[in-house]
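With UniProt numbering applied, the sequence shown corresponds to residues 1 to 686, in that order.
Where a beta carbon is used, it is the ideal one built from N, C-alpha and C, also for glycine.
For clarity, every value in this text was computed on a predicted model and none was experimentally measured.
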Amino acid sequence: EEPPGAAPVDFLQELPSCQSARRRRGGTRERPPAPPGSAARALLQETAEQAARPAREAPLTIAEKRRLRGSQQAETQRLSRWKKWRRTSSKSLKKALSEVKGLSSYLVLWRHDIHSIQGKFGTGIQSYFSFLRFLVLLNFIIFILMFSFVTLPTIISKYGIFNSTIAYISPKDIEDSCRIYEPSGNKGLIYFYTYIKDLCSGTGFLEMTSLFYGYYTVDAVWISIMRYNLPLAYLLATFAYLALSFLWIIKRSVEGFMQNLVHDADPFQSYCNKVFAGWDFCITDPNAARLKHRSLQYELQTDLQEEKLRQKIAERTTKEKLRIYSLRIFINIIVIAILLGCFYSIYRVTVFSQENSNVSIRNDTRTDSVNLFVQYLPSMVITLANFIGPLIFLFLIRFEDYTPAFEIKLTLMRCVFVRLANIGVLLFSLWSQISNCGTDKCKPCGYNYKLYPCWESDVGQEMYKLMIFDFFVILAVPLFVDFPRKWLVTHSSCKLIQWFGQQEFGISDNVLEIIYGQTICWIGTFFSPLLPAIATIKYFIIFYVKKLVLIHTRKPAARPIRASGSNFFFLAVLLIGLILAFIPLGVSIVSIPSSKACGPFRNFNTSWEVIPDTILEFPTVLQQILFGMASEAFAVPFFMIICIVMFYFIALARAHKQVVEQLREQLVLESRDKAFLIRKITEAQR
């Protein structure tokens, strides 16, 4: 006879989950009984874990927590003095760490401002300002790195602080014409506007300051008896800030990638998340709450439209598919033609600017305003291409008949490509001028030394001008567009003005702006070591400018980026910008001959040669180890091991995916079990 309260075995085997498990095992074989004492051991283990945890962390009621705390205190009285001291010290340490962590949260930059923005406009816009704060901290750390290892030793040695001296190594096998470098400094009577022009263009008094590459002409620094190899430090600091940026971005993007993976795994789960967990409880402003309502409504409508569009795509005939694919090919040809036109314009303008600005500086045949305009022509054309290109892409994407979500992604990727590729075309144009060896211009030095005696400083000046001009444009748009438009919409009753309405705060456009500037900073830091300091100040000011614009002149976008995926999208685009920055820096360090008239690498053919030259100073055994690691005999096995490790993690990811699918199936089966039990209880009551 079965004990009272026990469920019949036949009844449990009728549950859908039990039947599904038996089908999955391939038969009706019952699960073997658990070994004796396993339930007791599991209960004892769970009790021990609850006793070790604090009472406030236990999932119990208040009365049960009080009883648990009393039993824990009674158990503590029976412990030895050593165990009592260890438990007390552990609790005190945890409490002190939690208090320090709580106090350190008040030191977070813009903590109150970002929480205020989050409360009024939601987490989508808050993610943009948090991203801006991340870039401020990143650039500040890069500045500290470059200043500590490159700028500070040079300044210390030049002023003889800490009994330091400068060691110069006379160049070997270099013609005297390659070592002539006369910066365009200000001579004679100098007007005030000349300093403003130099400040905007990076020439004049700024050219030979620590801002640019040409200032660092030191080969080594002796501090007491220690020799500091400045060329090696310069190159390693460059590698360090690139590696730091890469690892920090990867670390921050992992969490967003996991959220995206969970969100996009199941369309039905996406519907459930929007219906049951779509509300943003950080919102306190009524206008932001109404906007969130409209946003959720728009997302649900978009999902339904995408479902209808998928059905429409599945029902397309061959003729309709041929028409759509032909139209998409034609539109993509137009997009490529627009990109090629932008690239060619940037190339021609850069060549014209470099030739005419250098000639005018040497001959003084033009006024300062004309020289400044000629020097800023590449920056103006790049900014114009960045403005016109996305508008054309937004117009053309309507005819390609994609889903709304894919339309947004494709347009954003085109905008990212046109912004970042414009920088690459600018650098390619500069390199074509630097390496222009027609009529034996490069024969003595390996580069066009007459036009570019210190080409690294010239590239740094171009990056500096791009940074400054981009900053001026970001400040000018609110001043001359946003505030006048807000004033007209508020005080004018004209139907045309009211139809334009208040401008939206586009998160994607603003993110692309600052990622474009950050890519310039990564590329330009090698040629202008203090450029991260300018970027830090720039983003610091932009934070308050964008905050004023958001609060006083613009409204949140009606189609916001999903807050859970926005951080991952920002970091993914930022990672693309960083990877793109690797290419020009790698070409500059490895391929292009370094200037022989300035900089720390003037005694080397390329900047990279300082690495093998330093290795040759090591002991013979260490040299053999390092050169062996750089050989093919080490590279091939290392590559094979990396491939094996990669395949292992791919297999592990597949296994985890299968476990996740089984857990989802188990959740579905549990809901069926509940429905089955409710039906049985209802039948029994009848």
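TODO: State the Cα-Cα distance for the pair Ile644 and Arg654, rounded to the nearest angstrom.
DONE: The count along the sequence shown starts at 1 and reaches residue 644 at position 644. The count along the sequence shown starts at 1 and reaches residue 654 at position 654. Approximately 15 Å between the Cα atoms of the pair.
TODO: Indicate whether Ile423 and Leu394 have their beta-carbon atoms separated by less than 9 Å.
DONE: Sequence index remark: in the sequence shown, residue 423 carries index 423 (1-based). Sequence index remark: in the sequence shown, residue 394 carries index 394 (1-based). Contact flag unset, no.
Task: Exposed unless 16 or more other CB atoms sit within 10 angstroms - verdict on Asn287 - done: Here residue 287 is taken as the residue at index 287 of the sequence shown, counted from 1. Flag for Asn287 reads exposed.
Open item on the list: Is the separation between the beta-carbon of Ala220 and that of Tyr228 shorter than 9 Å?
Closed with: Here residue 220 is taken as the residue at index 220 of the sequence shown, counted from 1. Here residue 228 is taken as the residue at index 228 of the sequence shown, counted from 1. Their beta carbons are under 9 Å apart, which means Ala220 touches Tyr228 by this criterion.
Open item on the list: Here's the rule: buried if 16 or more other CB atoms are within 10 angstroms of the residue's CB, otherwise exposed. What is Cys272?
Closed with: Position 272 of the sequence shown, counting from 1, holds the residue named residue 272. Exposed.
Open item on the list: Could you check whether Pro619 and Asn605 sit closer than 9 Å to each other, using their CB atoms as the reference points?
Closed with: For the purposes of this step, residue 605 is taken as residue 605 along the sequence shown, with counting starting at 1. For the purposes of this step, residue 619 is taken as residue 619 along the sequence shown, with counting starting at 1. For Asn605 and Pro619, no; Cβs fall outside 9 Å.
- [ ] Could you tell me the distance, in whole angstroms, from the CA atom of Ser360 to the CA atom of Asn371?
- [x] Translated into positions along the sequence shown, residue 360 becomes position 360. Translated into positions along the sequence shown, residue 371 becomes position 371. Unreliable placement is indicated for Ser360, whose pLDDT of 48 sits below 50; no coordinate value is reported for it.
Task: For Arg398, the nearest candidate out of Phe428, Arg348, Gln624, Asn332 (CA to CA) - done: Working through the sequence shown from its first residue, we reach residue 398 at position 398. Taking only the C-alpha atoms, the option nearest Arg398 is Asn332.
TODO: On a CA-only basis, which of Asp176, Ile117, Leu296, Arg290 is nearest residue 687? Give me that one, please.
DONE: In the structure as shown, the chain begins at 1 and stops at 686. Residue 687 is therefore absent and cannot be evaluated.
Task: Simplified DSSP state of Tyr193, which is helix, strand or coil - done: Sequence index remark: in the sequence shown, residue 193 carries index 193 (1-based). Correct three-state label for Tyr193: helix.
- [ ] Return helix, strand or coil for Thr365, following the three-state DSSP convention.
- [x] Reading the sequence shown from its first residue, position 365 is the one you call residue 365. Because Thr365 sits at a pLDDT of 47, beneath the cut-off of 50, its placement in the model cannot be relied upon, and the following sentence gives the value as read from the coordinates. Thr365 falls in the coil class under three-state DSSP.
Open item on the list: Can you tell me whether Tyr159 is helix, strand or coil according to DSSP?
Closed with: The residue you call residue 159 lines up with position 159 of the sequence shown. Correct three-state label for Tyr159: coil.
TODO: Report buried or exposed for Glu299, applying the criterion of at least 16 other Cβ atoms within 10 angstroms of its Cβ.
DONE: Sequence index remark: in the sequence shown, residue 299 carries index 299 (1-based). Buried, since its Cβ has 16 or more Cβ neighbours within 10 Å.
- [ ] Within 10 angstroms of the Cβ of Gln73, are there 16 or more other Cβ atoms? Answer buried if so, exposed if not.
- [x] Residue numbering aside, residue 73 sits at position 73 when the sequence shown is read from its first letter. By the 10 Å Cβ count, Gln73 comes out exposed.
Task: Contact set for Leu530: own chain, Cβ-Cβ below 8 Å, skip 5 residues either direction - done: For the purposes of this step, residue 530 is taken as the residue at position 530 of the sequence shown. If we look at Leu530 and ignore the five residues flanking it on each side, its Cβ neighbours are Phe143, Met146, Phe147, Thr151, Ser210, Leu211.
Open item on the list: Taking its Cβ as the centre, do 16 or more other Cβ atoms sit within 10 Å of Asp482, making it buried, or is it exposed?
Closed with: Counting from 1 along the sequence shown, the entry for residue 482 is found at position 482. With 16 or more Cβ atoms within 10 Å of its Cβ, Asp482 is classed as buried.
TODO: Quick one: give me the first and last residue of the alpha helix (DSSP H) that Ile225 is part of.
DONE: Sequence index remark: in the sequence shown, residue 225 carries index 225 (1-based). No alpha helix (DSSP H) holds Ile225; DSSP gives it neither H nor E.
Open item on the list: Does the segment 522 to 541 come into contact with the segment 444 to 462, if we say contact requires no fewer than three beta-carbon pairs (one atom in each stretch) closer than 8 Å?
Closed with: yes
- [ ] Could you check the C-alpha separation between Thr553 and Ile576 for me, to the nearest Å?
- [x] Here residue 553 is taken as the residue at index 553 of the sequence shown, counted from 1. Here residue 576 is taken as the residue at index 576 of the sequence shown, counted from 1. Taking the straight line joining both Cα atoms gives about 31 Å.
- [ ] Could you spell out the range, first to last residue, of the alpha helix (DSSP H) harbouring Pro378?
- [x] The sequence position of residue 378 within the sequence shown is 378, counting from 1. Per DSSP, Pro378 belongs to the alpha helix (DSSP H) from 377 to 396.
TODO: Have a look at Leu580, Gly628, Trp608 and flag the residue whose alpha-carbon is nearest the alpha-carbon of Leu236.
DONE: As a working note, residue 236 is residue 236 in the sequence shown. The shortest Cα separation from Leu236 among Leu580, Gly628, Trp608 belongs to Trp608.
Open item on the list: If you reduce the DSSP assignment to three classes, tell me which class Trp279 lands in.
Closed with: For this step, residue 279 is matched to residue 279 along the sequence shown. Here Trp279 sits in coil by DSSP.
Open item on the list: Quick check on the burial criterion: 16 or more other C-beta atoms within 10 angstroms. Buried or exposed for Trp455?
Closed with: The residue given as residue 455 occupies position 455 in the sequence shown. Trp455 comes out buried.
Open item on the list: With the cut-off set at 9 Å, would you say Thr350 and Leu242 are in Cβ contact?
Closed with: Residue mapping note: residue 350 aligns to position 350 of the sequence shown, counting from 1. Residue mapping note: residue 242 aligns to position 242 of the sequence shown, counting from 1. It is not a contact, given that the beta carbons lie outside the stated cut-off.
Task: Boundaries of the alpha helix (DSSP H) in which Met629 is found, first to last residue - done: On the sequence shown, position 629 is the one that residue 629 refers to. Run containing Met629: 620 to 629, per the alpha helix (DSSP H) assignment.
- [ ] Would you check if there are 3 or more beta carbon pairs closer than 8 Å linking the segment 611 to 628 to the segment 468 to 488?
- [x] no
- [ ] Could you tell me how far apart the beta carbons of Tyr195 and Phe205 are, in whole angstroms, since I believe they sit closer than 8 Å?
- [x] One-based indexing of the sequence shown puts residue 195 at position 195. One-based indexing of the sequence shown puts residue 205 at position 205. Between Phe205 and Tyr195 the Cβ distance is about 7 Å, and since that is below 8 Å, they are a contact.
TODO: Would you mind working out which of Leu571, Gly102, Arg294 sits nearest Leu247, comparing C-alpha positions?
DONE: Counting from 1 along the sequence shown, the entry for residue 247 is found at position 247. When each option's Cα is compared against that of Leu247, the closest is Leu571.
Open item on the list: Can you tell me whether Ala597 is helix, strand or coil according to DSSP?
Closed with: Translated into positions along the sequence shown, residue 597 becomes position 597. In the structure shown, Ala597 sits in coil (DSSP, three-state: anything other than H, G, I, E or B).
TODO: Apply the 10 Å Cβ neighbour rule to Thr536 and answer buried if 16 or more other Cβ atoms are within range, or exposed otherwise.
DONE: Position 536 of the sequence shown, counted from the start, is the residue given in the question as residue 536. That one is buried.
Task: Neighbourhood of Leu309 by C-beta distance below 6 Å, restricted to the same chain and skipping five residues each side - done: The residue given as residue 309 occupies position 309 in the sequence shown. Only Thr403 meet the Cβ criterion.
- [ ] Determine the DSSP secondary structure at Lys450, reduced to helix, strand or coil.
- [x] Here the question's residue 450 lines up with position 450 in the sequence shown. Here Lys450 sits in coil by DSSP.
Task: Rounded straight-line distance, which links the Cα of Ala533 to that of Asn139 - done: What you label residue 139 is simply residue 139 of the sequence shown in a count that begins at 1. What you label residue 533 is simply residue 533 of the sequence shown in a count that begins at 1. If I take the Cα positions, the gap works out to 7 Å.
Open item on the list: I need the straight-line Cα distance from Cys415 to Ser379, nearest angstrom please.
Closed with: In the sequence shown, the residue the question calls residue 415 occupies position 415. In the sequence shown, the residue the question calls residue 379 occupies position 379. If I take the Cα positions, the gap works out to 17 Å.
Open item on the list: Between Pro183 and Leu230, how many whole angstroms is the CB-CB distance? I'm expecting something under 8 Å.
Closed with: Residue 183 sits at position 183 when you count from the first residue of the sequence shown. Residue 230 sits at position 230 when you count from the first residue of the sequence shown. About 20 Å separates the two Cβ atoms, so there is no contact after all.
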